[in-house]
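The structure appears right after this line, and notes come after that.
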Amino acid sequence: MRSVMVQIPNTPTSADVARLAGVSRATVSYVLNNTSAVRISEATRRRVHEAARELGYVPHAAARSLRAGHSRMVLMPAPAVPVGPLYGRFLNELQWALGRLDYTVVQYGSVGLQGDEAVRAWAELRPVAVLVPGAGLGPQGVAVLRRAGARAVVTLGPGRVEGAHALLMDHDAVGHCAGAHLYARGRRRIGVVVPEESGLEAFSRPRLAGVREALLGTDASVIELPLAYTEESAAELAARWRESGLDAVFAYNDEYAMLLMRALQDEGLRIPEEVAVIGADDLMLGRLLRPRLSTVHIDLPSGRDLAELVDRAVRDPGGAPEAHTVLGASVVRRESS
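Anchor point for the sequence shown: position 216 equals 218 in my numbering, and the numbering is continuous, going up by one each time.
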């Protein structure tokens, strides 16, 4: 039996980059690790980066972690609920901003894991920071992550968690804006869509509460409308609409609003004459409908601001946890209401 020798190319090293760029290995390290304490000319930085690209050199993450005393990984557990275009844009901006600060964002799929089990899975990866969307993390979980080396734990949700930085998402304000707008348009029997999809309660319940708060003490009534994100569910709800006597609906967000609006139109209901409809998120597709969809425009936190918060916390892990209220809300009135 003949044997075939296969030559495996040597992995390029920082010494190879240094020789090609005509600089020291220390200079290569300073440039590729974005060290700000040492002044290096732009021309030298360019030569080092060009040499690294030519050789296909990639810094060793584990070695960089040893030098720094911690990893540069920021872990973001993948949301257990569907995320739309608005949240997707925020994630892209956040990852870009953290990358500019020399962090690597890793989204961790934790479907099926909850509570302590999920926290232990995150801790095993030894991230320098963890960004936790939604509820579900408690003080004990924060402590586990801290002991595993996480210098920053940031929650994005409705409330604060002891030991963690917090971006407080005020979904009540979204519902309050929608309810006040529909009342001002003369609507008095207002339905509020509550999605049946699991995991959305942390957003839908505060939005429903916000509508009720806006209409408290008025002559308007609020009716909760469970709705699954399917054409069949929307058609069933639309078929019962006339007997309900509802003259308006806040449909949780633009996607549910578009689903329900089409079903209502299929039933022959005129929008906005018989039913005023408003969503939330201000998606582009809502502007292309006829009639155009009224919505609550939501201002998510700046990805750059959140990246800077993470960086501050990593640099000063003993600092007091910060809390920032985010998620501004304002009505964009169009033809559907």
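The C-beta atom is built at its ideal place from N, Cα and C for all residues, glycine as well.
Count the other C-beta atoms from every protein chain shown that fall within 10 angstroms of the C-beta of residue i, then say buried if there are 16 or more, exposed otherwise.
i      : result
GLN97  : buried
SER200 : exposed
GLU324 : exposed
HIS178 : buried
VAL130 : buried
HIS167 : buried
PRO79  : buried
SER206 : buried
ARG153 : buried
ASP18  : buried
Figure out for me which residue from the options has the closest Cα to the Cα of residue i.
i      : options                           : result
ASP104 : MET75, GLY90 and SER246           : MET75
VAL277 : GLY24, PHE252 and VAL132          : PHE252
VAL195 : ALA259, ARG47, LEU170 and GLY151  : ALA259
ALA23  : PRO274, GLU44, TYR89 and VAL50    : VAL50
SER296 : GLY159, LEU287, SER304 and ARG149 : LEU287
LEU308 : VAL60, VAL25, GLU52 and VAL132    : VAL132
ARG289 : ARG314, ALA331 and ARG335         : ARG335
ASP313 : VAL156, SER235 and GLY270         : VAL156
VAL33  : ALA54, THR13 and GLU126           : ALA54
VAL224 : GLU203, PHE205, GLU233 and GLY247 : GLY247
PRO293 : LEU271, LEU302 and GLY140         : LEU271
ASP118 : GLN109, GLY101 and PRO141         : PRO141
ALA241 : ASP268, ALA250, TYR110 and PRO228 : ASP268
Assuming residue i is part of the alpha helix (DSSP H), what are its boundary residues?
i      : result
GLY181 : 173–186
VAL146 : 141–149
SER223 : No alpha helix (DSSP H) holds SER223; the beta strand (DSSP E) holding it covers 223–229.
LEU217 : 203–217
ARG2   : As displayed, the chain neither begins before 3 nor continues past 339, which places residue 2 out of reach and without an answer.
THR46  : 44–57
LEU287 : 286–290
Give me, in chain order, the residues of the same chain whose beta-carbon lies closer than 6 Å to that of residue i; leave out the 5 immediate sequence neighbours on both sides.
i      : result
SER16  : ARG27 and VAL30
ASN255 : GLY281, ALA282 and ASP283
ALA265 : ALA236, ALA237 and ALA240
ARG189 : ASP249, ALA250 and ALA278
How would you write the range of the beta strand (DSSP E) that residue i sits in, first residue to last?
i      : result
ASP301 : 297–301
GLY330 : 330–334
THR157 : 154–159
VAL134 : 131–135
TYR258 : Looking at the DSSP string, TYR258 is not in any beta strand (DSSP E); the run it does join, the alpha helix (DSSP H), is 256–268.
LEU103 : Careful: LEU103 lies outside any beta strand (DSSP E) and carries neither H nor E.
ALA250 : 250–252
VAL279 : 278–280
LEU77  : 75–79
Thinking residue i and residue j are a contact (beta carbons under 8 Å), I'd like their distance in whole angstroms, please.
i      : j      : result
SER339 : MET263 : No, SER339 and MET263 are not in contact; Cβ-Cβ is about 11 Å, not under 8 Å.
LEU329 : ALA175 : 7 Å
LEU158 : VAL134 : 7 Å
ALA180 : VAL279 : Actually they do not touch by this definition, with Cβ atoms about 10 Å apart.
Tell me which residues share the same chain as residue i and place their Cβ nearer than 7 Å to its Cβ, disregarding the 5 neighbours each side in the sequence.
i      : result
GLY71  : Only weak support is given to the placement of GLY71: the predicted model assigns it a pLDDT of 48, under 50, and the question is left unresolved by the model.
ALA322 : none
GLU226 : VAL194, VAL196 and LEU210
PRO14  : LEU57, GLY58 and TYR59
Report yes or no: is there a C-beta of chain D within less than 8 Å of the C-beta of residue i?
i     : result
GLU56 : The chain inventory of the structure shown lacks chain D, comprising one protein chain alone.
Looking only at its own chain, which residues have a Cβ that is under 8 Å from the Cβ of residue i, when we skip the five neighbours before and after it?
i      : result
TYR185 : ILE192, ALA216, LEU217, THR220 and ALA222
ILE300 : LEU88, VAL176, ALA282, ASP283, ASP284, LEU329, GLY330 and ALA331
VAL126 : Sequence inspection shows Glu at residue 126; the Val mentioned does not correspond to that position. Cβ neighbours of GLU126 beyond the five flanking positions: ALA150.
GLY212 : HIS173, ASP174, ALA175, VAL176, GLY177, HIS178, CYS179, ALA180 and GLY181
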